[in-house]
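Take a look at the structure below.
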Amino acid sequence: MENNLLSLIIFAPLAGAAINWLIGRRVRDERFVGVVACGSVAISTIVAFYLAFKPGGALRSGTPLLDHIWTWLQVGAFRADFALGMDHLSGTYALFVTFVGFLIHVFAVGYMHGDSGFYRFFAFLNLFMFAMLTLVLADNFVLMFVGWEGVGLCSYLLIGYYVDRREAGDAAKKAFITNRIGDWGFVMGILLTFFLTGSVSFFANPAAGEAAQTALSFFKTYPVDPFTAGAIVAGGATSIAVLLFIGAVGKSAQIPLYVWLPDAMAGPTPVSALIHAATMVTAGVYMIVRCSEIFVKAPTAMFIVAVIGAATALFAATIGLAQNDIKKVLAYSTISQLGYMFLACGVGAFIAAIFHVITHAFFKALLFLGSGSVIHGMHHEQDMRRMGALRKYMPITFITMLTGWLAISGIPIFAGFFSKDEILWRVWSAPAFSLPSPTFSKLLWAIGALTAFLTALYMTRMMVMTFGGEERFRDTHAVKHDAHHGPVTPHESPWLMTVPLIVLAVLSTAGGFIGVPYALSSFFTDKDINVLEHTLAPVVASPPGATETHTEPSAVAPGTETPAALEAETHAAHSPEEISAERMLAVVSVIIALLGIGMGLYIFRRRPLLEMPRLLENKYYVDEIYDKALIRPIEAGSREGLWKILDVGVIDGILHGIGEAVSEAGRLARYLQAGFVRGYAAIILIGALILIGLFGYLGFGFR
Amino acid sequence: MAPQLSWYLALSAVLFTIGVTGVIIKRNIIAMFMCIELMLNAVNLTFVAFASFFQDVTGQLFVFIVMTVAAAEAAVGLGIIIAIFRNRETLDVDDASILKL
């Protein structure tokens, strides 16, 4: 059974976590813990690549690899298995999750060197990989939810990793509680899916006795919901899609539930890179793309997704512009980029969303690890106002982050350019399907373009403040650190940290070539070299009217197309007008990016410490507003209503009442037991008389 | 006129009632003890009366058992009474209400 290797992908990190937790804590040897942690993820990575690319592997054949491990829940018609499935989508996802995860594990060995909780950190990190891969490879909604909660738990544990810091604990709780709101939506969505379709599976696995109709294939023949607000509560595809999206909003930090992600930066930097940039927070996007069959039947829900995505992208980008903590900048940047992905999902460009997830995983992991390297070299200083001129001291970190900066800004040939440009083009040319009017696509595009400009601007600011300009760390640090270090001299990080940076820098540079759109590649070759789109198109639904390459997936069995058929299709799908329009937009994107970078260099090289608007620096006071508008009323309601009235009054009242009634009855009964023998005698007499009287009344029974 | 069965039973009932009343109203342990004996013997009287009436020796056998038990009870009871008196120097049962000496 070759398929059983699939379970190795998820169980190898679990074994690593167990070994580190049980043995690593006794051994207390960093080399042992590090080798176990990285080795287990390396096994996952190798197996994932093998299963994806072997002959007939997940990314090569049209049928998903399935592994039914055991039947988990079976109640009446409800059935959820502990089963894994690797198709083109989950395969692609598993590849970059394991690979980026492996690099970050290696980096973390260097970053966490000397930390007292070394084994604990890697046990959690491995556990996270297990949960994330379970989420990705899950064969059904319920198992996906297990992974979904698992990554949430690990996120909680790792945000609060520095247990002696209060704000870390608070941030961990905030992340966990905020996610509960989203999880409510997800669970409701799953339940509604089951009620509607009678199944929670993604892949049909008749060999394991599953029904041929799955939760997703049900929607293939489902009529498109009308585009009305009423559809949201009608209980059909739109309701499911909206509820699932609420889950995604929580996990992927979109408005209004994004507030936990910036605070989550209280965790160690590799955690920020792995969980809060590259993998976990994109789980929402993955889930929506996984459920694209549902979403393409729910135009209202897609419109909501697009609007929330665009709003989040712009909103977070403006906040990112004014942050001084290097990790906070990256956190808001992550939220903003996630907004892009949802915007893409909302206009039906699911493949573009996944493309951006992948490139974003590369360059954002790179930027986070780079910032980790900076923080490490600066002896845990995160404030960019106390950095500057680090270029001299940390050349490798500088050069690698440079590629990340160019990638996220959207400079051509770097990975971010292709994915971001693809999203903007898809938004511009969005089908009218999920939008109330065609002008919305232009409006959303304008928001996206503005966000792209802001992205380039704040990333430039971050780079200039960190690496450029004058040294600002000596004077301030002399005061702060005098007891331990004296004035700090930044140093380059060890090779364990720089090698992952270099690998990620290469990926951030070249990673975009997996999804070069035809409009751009046709400059050089007539063949459509958009590998990613051809890989994902068969498993991702497309909304009616979209200009996808495969509008009729059923016409050609996926994975069996001949090159000739592919080419014919390619030409059919790309009309000359579209190609020229797409090229025009690409030029516009590049101009926008260059404008952002140029303006950033112009402003911040001269005044790196330029005060930003207070409104932005204070994040629009959203935390304060939430505190006043939601948390305080809930607290007050809980204290005054639930505690003082319901708990103390009603519940305690009932309990105390029962207790008092019993003790009162006992107090009365105590009079019978006064200890006076004559009293007992009298009672016996009375009892005897009553019995005799009773018998006399009823007859003695002697006849 | 030969004695009737009902005469014995009436006497027995009177004796028993005196015994019950004594147990309830007397505070002296010795007096209560004697009243208990009185009740036992009232019952014994009933037994022998019925034994004679039915010409059946079983009733008389039962009386012997009751007398044996009464003797044992008297021995134990008097022992307890002496122990109480030694400790408390009183024979008032109402003072002995706390389940210990």
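Quick mapping for you: the protein sequence lines, in order, are chains A and B.
Per this note's numbering, the first sequence runs over residues 23 to 725.
Per this note's numbering, the second sequence runs over residues -17 to 83.
By construction, the Cβ of each residue, glycine as well, lies at the ideal position given by its N, Cα and C atoms.
Rounded C-alpha distance that separates residue i from residue j
i	j	result
Ala234 (chain A)	Leu159 (chain A)	19 Å
Leu637 (chain A)	Met484 (chain A)	19 Å
Phe150 (chain A)	Ala59 (chain A)	11 Å
Leu391 (chain A)	Pro417 (chain A)	14 Å
Gly204 (chain A)	Lys273 (chain A)	7 Å
Thr93 (chain A)	Gly107 (chain A)	14 Å
Phe217 (chain A)	Asp550 (chain A)	42 Å
Ser459 (chain A)	Thr473 (chain A)	22 Å
Trp467 (chain A)	Met302 (chain A)	27 Å
Ala64 (chain A)	Ser597 (chain A)	44 Å
Ala24 (chain B)	Ile12 (chain B)	18 Å
Phe(-2) (chain B)	Ser34 (chain B)	20 Å
Asp347 (chain A)	Pro278 (chain A)	22 Å
Val5 (chain B)	Lys82 (chain B)	21 Å
Gly749 (chain A)	Ile680 (chain A)	Since the displayed chain A opens at 23 and closes at 725, residue 749 (chain A) lies outside it and no answer follows.
Leu412 (chain A)	Glu514 (chain A)	9 Å
Ala300 (chain A)	Ala286 (chain A)	14 Å
Ala295 (chain A)	Phe475 (chain A)	23 Å
Ala603 (chain A)	Leu542 (chain A)	11 Å
Pro580 (chain A)	Ala563 (chain A)	With a pLDDT of only 44 at Pro580 (chain A), under 50, the local geometry of the prediction cannot be trusted, and the value read off the model is given with reservation. Using only the alpha carbons, I get a separation of about 13 Å.
Ala78 (chain B)	Leu20 (chain B)	23 Å
Ala229 (chain A)	Asp89 (chain A)	10 Å
Thr482 (chain A)	His556 (chain A)	34 Å
Gly139 (chain A)	Gly361 (chain A)	34 Å
Ser358 (chain A)	His382 (chain A)	11 Å
Gly675 (chain A)	Trp665 (chain A)	12 Å
Contact set between residue i and chain A, taken where Cβ atoms lie within less than 9 Å
i	result
Leu20 (chain B)	Simply none; closest approach about 14 Å.
Contact list for residue i against chain B, beta-carbon separation under 9 Å
i	result
Arg700 (chain A)	Val5, Ile6, Ile7, Lys8, Arg9, Met14, Val75 and Asp76
Under 7 Å by beta carbon: chain B residues contacting residue i
i	result
Ala703 (chain A)	Val5 and Ile6
Proximal chain A residues relative to residue i, where beta-carbon distance stays under 7 Å
i	result
Ser79 (chain B)	Ala696, Gly697 and Phe698
Val2 (chain B)	Leu707
Cut-off 7 Å between Cβ atoms - residues of its own chain near residue i, not counting five sequence neighbours on either side
i	result
Leu479 (chain A)	Leu343, Gly618, Met621 and Gly622
Ala683 (chain A)	none
Gly113 (chain A)	Ala74, Ala80 and Leu81
Asp645 (chain A)	Val281
Phe337 (chain A)	Ile277
Leu365 (chain A)	Ala328, Gly331, Ala332, Ala335, Ile445, Val449, Leu466 and Gly470
Arg127 (chain A)	Correcting the residue type first, residue 127 (chain A) is His in the shown sequence and not Arg. Ala59, Cys60, Val63 and Leu147, listed in sequence order.
Leu554 (chain A)	Ile373, Phe377, Ile536 and Gly537
Residues near residue i by beta carbon distance below 6 Å, same chain, minus five either side
i	result
Ala190 (chain A)	Gly182, Tyr184 and Ala288
Asp74 (chain B)	Arg9
Glu630 (chain A)	In the sequence on display, residue 630 (chain A) carries Pro and not Glu. Closer than 6 Å at Cβ, skipping near neighbours: Val486, Met487 and Gly491.
Ser451 (chain A)	none
Cβ-based neighbour list, residue i, same chain, cut-off 8 Å, excluding 5 preceding and 5 following
i	result
Ser(-6) (chain B)	Ala24, Val25, Leu27, Thr28 and Ala31
Pro635 (chain A)	Ala344
Asn152 (chain A)	Strictly speaking, residue 152 (chain A) in this sequence is Phe, with Asn absent from that position. For Phe152 (chain A), where only same-chain residues beyond five positions count, the Cβ hits under 8 Å are Ile32, Phe33, Pro35, Leu36, Ala39 and Gly172.
Phe722 (chain A)	none
Ile433 (chain A)	Phe439, Val612, Ala615, Leu616 and Ile619
Is it true that the stretch 440 to 448 of chain A meets the stretch 314 to 323 of chain A, where meeting means three or more beta-carbon pairs spaced less than 8 Å apart? No, because fewer than three Cβ pairs between the stretch 440 to 448 of chain A and the stretch 314 to 323 of chain A fall closer than 8 Å, the two stretches do not touch.
Decide if the stretch 61 to 69 of chain B is in contact with the stretch 33 to 45 of chain B; the criterion is three or more beta carbon pairs, one per stretch, under 8 Å apart. Counting C-beta pairs with one atom in each stretch, the stretch 61 to 69 of chain B and the stretch 33 to 45 of chain B have fewer than three that are closer than 8 Å, which means they do not touch.
Can you confirm whether the stretch 235 to 248 of chain A touches the stretch 325 to 332 of chain A when touching is taken to mean that 3 or more C-beta pairs between the two stretches lie within less than 8 Å? Counting Cβ pairs under 8 Å, fewer than three are found: no touch.
Can you find at least 3 beta carbon pairs, one from the stretch 368 to 388 of chain A and one from the stretch 349 to 359 of chain A, that sit closer than 8 Å? Between the stretch 368 to 388 of chain A and the stretch 349 to 359 of chain A, the count of C-beta pairs closer than 8 Å reaches three or more; the two stretches touch.
Would you check if there are 3 or more beta carbon pairs closer than 8 Å linking the stretch 36 to 47 of chain A to the stretch 134 to 148 of chain A? Short answer: they touch.
Taking only runs that begin and end inside the stretch 251 to 282 of chain A, name each unbroken beta strand (DSSP E) of 3 or more residues, in chain order. Within the stretch 251 to 282 of chain A, no beta strand (DSSP E) run of at least 3 residues lies entirely inside it.
Any alpha helix (DSSP H) of 4 or more consecutive residues that is wholly inside the stretch 437 to 474 of chain A: If one requires a minimum length of 4 residues, the alpha helix (DSSP H) runs lying completely within the stretch 437 to 474 of chain A are 437 to 450, in chain order.
Do three or more CB pairs link the stretch 516 to 526 of chain A to the stretch 418 to 427 of chain A at distances below 8 Å? Yes, the stretch 516 to 526 of chain A touches the stretch 418 to 427 of chain A.
Inside the stretch -14 to 38 of chain B only - beta strand (DSSP E) runs reaching at least 3 residues: The stretch -14 to 38 of chain B contains no complete beta strand (DSSP E) run of 3 or more residues.
Along the chain, which unbroken stretches of the alpha helix (DSSP H) at least 4 residues long are found entirely within the stretch 335 to 373 of chain A? Within the stretch 335 to 373 of chain A, the runs of alpha helix (DSSP H) that reach at least 4 residues and sit entirely inside it are, in chain order, 348 to 368.
Would you mind listing the alpha helix (DSSP H) stretches within the stretch 377 to 439 of chain A that are 4+ residues and don't spill past its ends, in chain order? With a minimum length of 4 residues, the continuous alpha helix (DSSP H) runs that stay inside the stretch 377 to 439 of chain A are 417 to 431.
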